[in-house]
Structures are given as structure tokens and as C-alpha cells.
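185 is the number that the working numbering gives to position 104 of the sequence shown; each next residue is one higher, with no gaps.
By construction, the Cβ of each residue, glycine as well, lies at the ideal position given by its N, Cα and C atoms.
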Amino acid sequence: MSTQLQSNAPISRSVALRIALAARSLPDTEPKGLLRVLADAIGLPPTPNKLASLTVKILKSAANAELASIDTGAIKEALAYLNGDKSVGENDELPVIEQFQEGDGENSIRIACASNTGEDLDGHFGSCARFLIYQLSASTVKLIDVRTGSGLHAGDDKNEFRANLLRDCQVLFVASIGGPAAAKVVRVGVHPIKYLKGGSARQPISDLQKAIASTPPPWLAKVMGHDDDSRVRFERSAVEA
Numbered sequence: 082m083s084t085q086l087q088s089n090a091p092i093s094r095s096v097a098l099r100i101a102l103a104a105r106s107l108p109d110t111e112p113k114g115l116l117r118v119l120a121d122a123i124g125l126p127p128t129p130n131k132l133a134s135l136t137v138k139i140l141k142s143a144a145n146a147e148l149a150s151i152d153t154g155a156i157k158e159a160l161a162y163l164n165g166d167k168s169v170g171e172n173d174e175l176p177v178i179e180q181f182q183e184g185d186g187e188n189s190i191r192i193a194c195a196s197n198t199g200e201d202l203d204g205h206f207g208s209c210a211r212f213l214i215y216q217l218s219a220s221t222v223k224l225i226d227v228r229t230g231s232g233l234h235a236g237d238d239k240n241e242f243r244a245n246l247l248r249d250c251q252v253l254f255v256a257s258i259g260g261p262a263a264a265k266v267v268r269v270g271v272h273p274i275k276y277l278k279g280g281s282a283r284q285p286i287s288d289l290q291k292a293i294a295s296t297p298p299p300w301l302a303k304v305m306g307h308d309d310d311s312r313v314r315f316e317r318s319a320v321e322a
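Below, the structure written as C-alpha cells:
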């Protein structure tokens with residue numbers, strides 16, 4: 082890998098935007114820090130052809146493995162921005178929120194899904210454009226809110242801020258999430274679940290709905306307020322199976 086750290090050649094505006102978006106998708110990473118990694122990986126100035134040669138392995142090992150501890154899902158998202166496969170605003174139409182009243186929430190749970198695009202589950206916890214909030218019961222699914230990460234002030238902990246956005250939820254589906262961020266999500270009473278397949282957010286929610294309608298796993302029965310006897314019956318049946 083190149084160790085070139087300085088160059089008089091300018092970085093094009095489009096490439097600078099790619100780098101800024103990629104840095105935003107990586108936890109605790111500024112564009113300047115990502116540029117340092119790119120300088121070691123492909124040399125300066127970064128160009129579309131050079132960026133297209135990047136891989137997860139190259140990014141994680143560059144600049145003394147500066148990005149090695151970052152979740153692979155977040156690295157892949159950053160690569161999508163760097164090589165131009167993904168751009169801001171692409172397919173970014175917001176889904177329609179359904180009418181919901183608090184009385185409708187009886188015997189249901191609230192689920193958050195990290196999303197960048199429409200109603201897809203394709204977001205990293207620390208950088209997703211929004212959280213889709215669903216109310217789920219054994220018979221219904223409603224998209225009741227869309228929450229963004231706006232409102233973060235300088236000096237605030239980004240992951241803690243985002244976790245607090247989800248305090249009224251019981252479950253969080255994400256494409257990827259780092260260990261420290263997951264701990265902060267758990268701390269506010271939310272159960273984080275990685276869903277690596279991506280695709281429509283309603284697919285894992287549908288799978289969860291089937292579990293609710295039959296015999297939910299103990300952690301899910303607990304957040305739904307099921308009594309201990311029902312949870313014990315599930316545990317016994319699972320062991321016998």
C-alpha cells in the first residue's frame with residue numbers, strides 16, 4: 082500500500098463528497114481521518130478509479146489498522162459511498178406513517194429499524210439516516226413514526242443520543258452495530274438484533290410477528306409482559322424439541 086501522505090493535486094468535488102458521506106457512515110470517524118487512511122491505502126489524490134480498487138480488507142489494514150475495530154457492515158457501507166454505488170438522496174422517498182393511538186398498543190411491542198432508503202432495513206446504527214418505528218401485535222403491523230438523528234449538539238455522544246431516541250421501543254433491528262453502541266442500546270431497555278440480510282424492514286418484523294402469535298422466546302415474552310408461567314412453558318417446549 083502507498084504511504085504517500087501529501088499531494089499538491091486537488092481532490093475533485095465529487096470525490097470529496099464521497100469521502101464525506103463515507104466518513105459519516107463510520108462511527109467516530111471524521112473526513113480528515115478517513116482521508117489519512119485513504120492516503121495510505123491508495124495514495125493521494127483519491128480518484129474514482131483508485132477508490133474502486135478498495136476492499137474491506139484494504140481499508141481495515143491501512144494506516145496501522147486505524148479502522149480495524151469498526152464493524153464490517155459499516156465498512157461495507159462506507160465502501161459503497163467511496164466507489165459510487167451509493168449516493169445521498171438515492172431512492173430516499175420517506176414511507177407513509179400510519180395512524181396510531183396509544184390505546185392501539187395493548188399486547189403489542191414497538192420496534193425500531195435502522196434505515197437509509199425508503200422502508201428498507203439497510204442502516205448502521207451510528208450512521209443511518211433514520212429509524213423506522215413500528216407497532217407490532219400478533220395480528221397487526223403499523224409504521225407509526227420516522228425518527229432522524231438530527232438535534233445532536235457538539236460534544237454529545239452520538240450513540241447515546243441515538244439510543245435515547247429509541248427509549249420507548251423494545252426491539253431494534255439494524256444491518257450492523259458496534260459493541261459499545263449495542264451496550265448503550267441495551268442500557269435504555271432495547272433489545273438490539275443484527276439482520277444481515279437487509280431488504281424490506283417488514284420481513285424480520287413479519288418473522289417476529291409469527292413468533293408472537295405462537296410461542297415467543299423468553300426475552301420477547303418478557304418485553305411483551307407475558308407471565309412467568311408462559312415463559313417457562315416455552316422454555317420447556319424448546320428443550321423437549
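**Q.** Where Arg66 falls: helix, strand or coil (DSSP)
**A.** Nothing about residue 66 can be read from this structure; the chain reaches only from 82 to 322.
(Q) When you measure from the CB of Pro299 to every non-hydrogen atom of the ligand MN, does any distance come out below 7 angstroms? (A) Absence of the ligand MN from the depicted structure is noted, as is the absence of any ligand whatsoever, leaving it without description.
Q) Under 8 angstroms between the Cβ atoms of Cys194 and Ala282? A) Yes; because the gap between Cβ atoms is below 8 angstroms, this pair is in contact.
Q. Quick one: is Ile178 buried, meaning 16 or more other Cβ sit within 10 Å of its Cβ, or exposed?
A. Under a 10 Å Cβ-count criterion, Ile178 is classified as exposed, with fewer than 16 other Cβ atoms of the shown protein chains found around its own Cβ.
Q. Hey, Ala103 and Leu163: beta-carbon distance below 8 angstroms or not?
A. Ala103 places its beta carbon less than 8 angstroms from that of Leu163.
Q: Go through the region 161–236 residue by residue and report every complete run of the alpha helix (DSSP H) that reaches 4 residues or more, in order.
A: Not a single unbroken stretch of the alpha helix (DSSP H) spanning 4 or more residues falls wholly within the region 161–236.
Q. Can you name, in chain order, every residue of its own chain whose Cβ lies under 6 angstroms from the Cβ of Glu200, other than the five neighbours on each side?
A. Correct list, in chain order: Pro176 and Ala282.
Q. Per DSSP, which one or two residues make a beta bridge with Ser281?
A. For Ser281, which the question treats as bridged, DSSP gives the partners Asp201.
Q) Could you give the residue range of the beta strand (DSSP E) that holds Ile258? A) Taken as a continuous stretch (DSSP letters only), Ile258 belongs to no beta strand (DSSP E), as it is neither H nor E.
Q: Take Gly154 as the anchor and find which of Lys278, Ser295 and Thr296 has the nearest alpha-carbon.
A: Answer by Cα proximity: Lys278.
Q) Cβ of Phe206 within 8 angstroms of Cβ of Ile258? A) With contacts defined by Cβ atoms closer than 8 angstroms, Phe206 and Ile258 form a contacting pair.
Q: Please list, in chain order, all residues of the same chain as Arg317 whose beta carbon is under 6 angstroms from its beta carbon, the five residues on each side excluded.
A: Caution is warranted here: a pLDDT of 37 is assigned to Arg317, below 50, making its placement in the model unreliable, and no coordinate value can be reported.
Q) Should the region 127–136 be called in touch with the region 226–237, which here means at least 3 C-beta pairs below 8 angstroms? A) Segments in contact, no.
Q) Once you ignore the five residues that flank Ala101 on each side, which residues in its own chain have a CB closer than 8 angstroms to its CB? A) Here the set comprises Pro112.
Q.
Measuring straight from C-alpha to C-alpha, what distance separates Thr136 and Arg191?
A. Cα-Cα distance, rounded: 37 angstroms.
Q | Proximal residues to Asp152 (C-beta, below 6 angstroms), its chain only, five neighbours per side dropped | A | So the list reads Ser257 and Gly259, once near-sequence residues are dropped.
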